[in-house]
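Chemist: Chains as they are written, first to last, in our numbering: chain A, 692 to 972; chain B, -2 to 342; chain C, 159 to 465.
#1: Say whether chain C places a C-beta atom closer than 8 Å to the C-beta of residue 66(B).
#2: Buried or exposed: which applies to residue 288(C), given that a residue is buried once 16 or more other Cβ atoms fall within 10 Å of its Cβ?
#3: Within its chain, find whatever has a CB closer than 7 Å to the CB of residue 134(B); leave out the 5 residues flanking it on each side and keep chain order.
#4: Could you spell out the range, first to last residue, of the beta strand (DSSP E) harbouring residue 315(B)?
#5: Please tell me whether residue 381(C) has its Cβ less than 8 Å away from any Cβ of chain B.
#6: Applying the 10 Å Cβ sphere with the 16-neighbour rule, what's the burial state of residue 297(B)?
#7: Should residue 872(A) be flagged as near chain C, meaning a C-beta pair shorter than 8 Å?
#8: For residue 100(B), decide whether its Cβ has a neighbour in chain C, counting only Cβ atoms nearer than 8 Å.
#9: I need the DSSP call for residue 263(B), collapsed to helix, strand or coil.
#10: If distances are taken between C-alpha atoms only, which option among 852(A), 707(A), 842(A) comes closest to residue 961(A)?
#11: Between 915(A), 738(A), 921(A), which has its C-alpha nearest residue 290(C)'s C-alpha?
#12: For the stretch 430 to 442 of chain C and the stretch 219 to 232 of chain C, state whether three or more C-beta atom pairs, one from each stretch, are separated by less than 8 Å.
#13: In chain order, what are the residue ranges of uninterrupted alpha helix (DSSP H) at least 4 long that sit wholly in the stretch 100 to 142 of chain B?
#14: Less than 8 Å separating the beta-carbons of residue 942(A) and residue 798(A)?
#15: Return the residue from the list 251(C), 453(C), 215(C), 341(C) that minimises the CA-CA distance to residue 285(C).
#16: Taking residue 211(B) as part of the beta strand (DSSP E), name the residues at either end of that continuous run.
#17: Once you ignore the five residues that flank residue 230(C) on each side, which residues in its own chain have a CB closer than 7 Å to its CB?
#18: In angstroms with no decimal places, state the Cα-to-Cα distance between residue 339(B) and residue 272(B).
#19: Using the Cβ count rule (16 or more neighbours within 10 Å means buried), how would you classify residue -2(B)?
#20: Against residue 71(B), what residues of chain C qualify as contacts under a CB-to-CB distance less than 9 Å, listed in chain order?
#21: Chain A partners of residue 47(B), CB-CB under 7 Å?
#22: According to DSSP, is residue 197(B) helix, strand or coil?
#23: Along chain A, in chain order, which residues have C-beta atoms closer than 9 Å to that of residue 264(C)?
#24: Can you look up residue 159(C) in the DSSP assignment and give me helix, strand or coil?
#25: The stretch 893 to 904 of chain A: which residues have C-beta closer than 7 Å to a C-beta of chain C, in chain order?
#26: Is the CB-CB distance between residue 322(B) and residue 263(B) below 8 Å?
#27: In the DSSP assignment, what are the bridge partners of residue 194(C)?
#28: Drop a sphere of 10 angstroms on the beta-carbon of residue 366(C), count the other beta-carbons inside from all chains shown, and report buried for 16 or more, exposed for fewer.
#29: Pick from 199(B), 79(B), 50(B): whose alpha carbon is nearest that of residue 26(B)?
#30: Quick one: any contact between the stretch 257 to 268 of chain C and the stretch 304 to 322 of chain C, if contact means 3 or more CB pairs under 8 Å?
#31: If you scan the stretch 829 to 883 of chain A from start to end, which runs of the alpha helix (DSSP H) of 4 or more residues do you find wholly inside it?
#32: Output, in chain order, the set of chain A residues within a Cβ distance shorter than 8 Å of residue 84(B).
#33: Going along the stretch 785 to 797 of chain A in order, which residues come within less than 8 Å of chain C, judged by CB to CB distance?
#34: Against chain B, does residue 176(C) count as a neighbour if the rule is that its beta carbon must be under 8 Å from one of theirs?
#35: Between the C-alpha atoms of residue 918(A) and residue 244(C), what's the straight-line distance to the nearest angstrom?
#36: Under a CB-based cut-off of 8 Å, is residue 947(A) close to chain C?
Shown next, in the form of structure tokens:
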């Protein structure tokens, strides 16, 4: 085959592969998008071509979602939980990450890895005993149960991230501050924290997205509809009996997914760097 | 009274002994250099004086007062780190003002002192910049301004020139020395570079493996080394050391000259086989070996380049000699012994 | 106001805040506390429940030894569950890694729209599990499945006899595996991409000069070099799939007839829905040895990286 043609075929197969892969990844989201705006008649019509609109797109599902369901409540629940969990995570993980980064000796190493490993402990192992703890605390059916429990996975991961970050900050800066008059803690607050804003931002984003994605604890602890975070509410409450309100469901799923997806894309590189222990920049 | 005094300072990290019983005193207004190879403990020792590390045993006195239990901020020390340790998020002016702010100095006083320090270091025009916008030399001056602004009893400098490129280093060196002579603050300066040490120090403390080998003026250290380590560490190329039955005999390359260049008696004659020569512009280094005599490393001779090399060629023997007064003797343990009379061969 | 400058307010005493040996542990304490109380203790609680006869309706703490484990192991449903969990995990990792590697190799090339392609490829992993699974639930719908419609339109299946993706045992297994793989492979793409770009160019150049072709470069040089990173990703991916509850719960609820149950969903069913905390805990604990192995392997990889 002449080189030109084989190059074209090579390129052709390259692009084909890319398209196939992207389709495989993204098609369900296209499907979500289209379902949200199709009329019920169009949706539940076996005879029509499902890939595009056969009747004009409609906003009725969105309208219903916002007006006749608890969707807005769920969104605000998730936001509230997210905010609180982020705050708790920052307060706990910042000093811990700093201390581990600066502590001499192998104990710090081991402790850091130990804390990170807790991230691997799955909700499906702990949800049962935690459900008892939650009911003992009187928090069942309340979103505050999630505010208490979610930091168990955000703190380990964020401590690890921050530990890696602080290790990369030269010690001279704190030491200069100490010689200049600060205490150890004072030096941290006055000189290291202001430098840490990018890392803090990363932690905020990750803690928030980790919180937004969680399902198991929410499913286990909460059954009161108005306390549900959006990942739970959408999955359980948009179904009346056996009927799935697909238009609303997909709309809700889409709206709730978008911010998380955007955040992930923006912070992907830091996340990878965090997981691989900073080995990969 | 000494500005800073150290009594038998020892520092151990687990099993590793970083500082092994160093005692010394820094005189008022003196520029003392701590010289030694990497890892010899000089930086650890400096940090102990600063208060950033606590000694395992021993005392530090600053201004006659024992400061072991006093935190760095109250010791009257100011430190310039290897990377300068400037606060990246603050302007130059705020960097310099930082130590004053932590002390609670009133605002107008801060302004005055910052202006004074900046003028002294010639950086007034940089006050609104941030560290990342400054060159290496400028950063060093900011670090010095920040150090001087608190009127410390002693400056502690940890290899501040090592981050500058070679060309800048020479001018920065003289600037630093001039600065110290102007402000007359006692200074302890850590470096592994002997040229820096010799050029800047009023006295040099040579440190190896946590021990103080010798402390003295540059002349004393160079001409009168206390042991083999000091003799080898200073001087480029290092002192020639040849084996004798009861120790070592040393002579510096610049004293090892062709026989015909030296006149007078009292010469030790050593035939020298030249293996190769290096022409370095201002001087020539000859590498080779002595006839039948074992040496610690390749024997070298250093000749000024303007001296003609009549009859000296690589691969050949040539009579060389050293003035007996330039011979140094060391015993089996490497310690310096009294010079002996008599010929060697 | 007198003109005397204020005396310096720097204390000469060593305060608590000056002592790194106190401040250090103090700063870590909250994190450790949180983990011990809300992870360690519940774990011990799980152990405790698993050897008791505790259930919601009869909350008594009677010790029954290993009987719960015995019961569970003798249950056919449990054995099927264990097999399912393994099948889904391995299947998803294999497909996910493969697609991940291919995807990374594709996305490494410069081409117009590469950034958009990467953003789209990352979506399945970025988006919350439950919401993504709902999309697939709709796509697999018994009547309106777009997959079936497409297959029928392409003539590959008989429209009168559409496959019930979530209704037939074998098809349901495939469906669950596909969703897991779909969720996983973007993670693989990102990890492989990061790995590929971390290989220093001079190593590759040296290999090319030494005569190594494309495949040899790939398998003998690049792969060994990025192995640690890939292993870390593999461990994470395996743990997430093995311990999953959401995908199975939302897609099939473990059906049809418990044929797609996994450890997580079964534990939920037994422990929460049926209130049998003791047996539920026992099921949960089967996750533990697996986790231990994963943790040990991860530690080894991390340790080797440090060197």
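Using N, Cα and C, we set each Cβ at its ideal position, and we do this for glycine too.
Modeler: Let me lay it out:
#1: To locate residue 66(B), count along the second chain from 1; it is residue 69. For residue 66(B), the answer is yes, since a Cβ of chain C falls inside 8 Å of its Cβ.
#2: Walking along the third chain from the start, residue 288(C) turns up at place 130. Classification of residue 288(C): buried, given that the 10 Å Cβ count is 16 or more.
#3: Residue numbering aside, residue 134(B) sits at position 137 when the second chain is read from its first letter. If we look at residue 134(B) and ignore the five residues flanking it on each side, its Cβ neighbours are 161, 165, 169.
#4: Position 318 of the second chain, counted from the start, is the residue given in the question as residue 315(B). Segment 314 to 320, the beta strand (DSSP E) holding residue 315(B).
#5: The count along the third chain starts at 1 and reaches residue 381(C) at position 223. For residue 381(C), the answer is no, since every Cβ of chain B falls outside 8 Å of its Cβ.
#6: As a working note, residue 297(B) is residue 300 in the second chain. Buried.
#7: Here the question's residue 872(A) lines up with position 181 in the first chain. Taking Cβ atoms only, chain C reaches closer than 8 Å to residue 872(A), which makes this a yes.
#8: Counted from its first residue, the second chain places residue 100(B) at position 103. It does: the Cβ of residue 100(B) has a partner Cβ on chain C nearer than 8 Å.
#9: For the purposes of this step, residue 263(B) is identified with residue 266 of the second chain, where counting begins at 1. Coil.
#10: Taking the first chain and counting its residues from 1, the one referred to as residue 961(A) is at position 270. Answer by Cα proximity: 852(A).
#11: Residue 290(C) sits at position 132 when you count from the first residue of the third chain. Measuring from the Cα of residue 290(C), the nearest candidate turns out to be 921(A).
#12: yes
#13: 104 to 118
#14: Taking the first chain and counting its residues from 1, the one referred to as residue 942(A) is at position 251. Taking the first chain and counting its residues from 1, the one referred to as residue 798(A) is at position 107. No.
#15: As a working note, residue 285(C) is residue 127 in the third chain. Out of 251(C), 453(C), 215(C), 341(C), 341(C) has the C-alpha closest to the C-alpha of residue 285(C).
#16: As a working note, residue 211(B) is residue 214 in the second chain. From DSSP, the beta strand (DSSP E) with residue 211(B) extends over 208 to 213.
#17: Translated into positions along the third chain, residue 230(C) becomes position 72. Counting only Cβ-Cβ distances below 7 Å, and skipping sequence neighbours, we find 236, 437, 440, 441.
#18: Along the second chain, read from residue 1 onward, the residue named residue 339(B) stands at position 342. Along the second chain, read from residue 1 onward, the residue named residue 272(B) stands at position 275. With a pLDDT of 42 at residue 339(B), under the threshold of 50, the modelled position of this residue cannot be trusted; read the value that follows with caution. Residue 339(B) and residue 272(B): Cα-Cα distance of roughly 29 Å.
#19: Sequence index remark: in the second chain, residue -2(B) carries index 1 (1-based). Its Cβ having fewer than 16 others within 10 Å, residue -2(B) is exposed.
#20: On the second chain, position 74 is the one that residue 71(B) refers to. By Cβ distance, chain C contributes 166, 168, 169, 170, 171.
#21: In the second chain, residue 47(B) corresponds to position 50, counting from 1. Under the 7 Å cutoff, chain A gives 870.
#22: Taking the second chain and counting its residues from 1, one reaches residue 197(B) at position 200. Three-state DSSP puts residue 197(B) in a helix.
#23: Translated into the one-based positions of the third chain, residue 264(C) becomes position 106. Those are 705, 708, 709, 712, listed as they occur along chain A.
#24: As a working note, residue 159(C) is residue 1 in the third chain. In this predicted model, residue 159(C) has a pLDDT of only 31, less than 50, meaning its place in the structure is not dependable enough to derive any value.
#25: 903, 904
#26: Looking up residue 322(B) in the second chain gives position 325. Looking up residue 263(B) in the second chain gives position 266. Their beta carbons are under 8 Å apart, which means residue 322(B) touches residue 263(B) by this criterion.
#27: Numbered from 1 along the third chain, position 36 holds the residue referred to as residue 194(C). Beta-bridge pairing links residue 194(C) to no other residue.
#28: Looking up residue 366(C) in the third chain gives position 208. Exposed: under 16 other Cβ atoms inside 10 Å.
#29: One-based indexing of the second chain puts residue 26(B) at position 29. Minimum Cα distance to residue 26(B) is reached at 199(B).
#30: no
#31: 834 to 840, 842 to 858, 862 to 870, 875 to 878
#32: Start at 1 with the first residue of the second chain, and residue 84(B) comes out as number 87. Correct list: 864, 867, 868, 882.
#33: 786, 787, 789, 790, 791, 793, 794
#34: As a working note, residue 176(C) is residue 18 in the third chain. For residue 176(C), the answer is yes, since a Cβ of chain B falls inside 8 Å of its Cβ.
#35: Residue mapping note: residue 918(A) aligns to position 227 of the first chain, counting from 1. Residue mapping note: residue 244(C) aligns to position 86 of the third chain, counting from 1. C-alpha separation (whole angstroms): 35 Å.
#36: As a position in the first chain, residue 947(A) is number 256, starting the count at 1. By this cut-off, residue 947(A) is an interface position.
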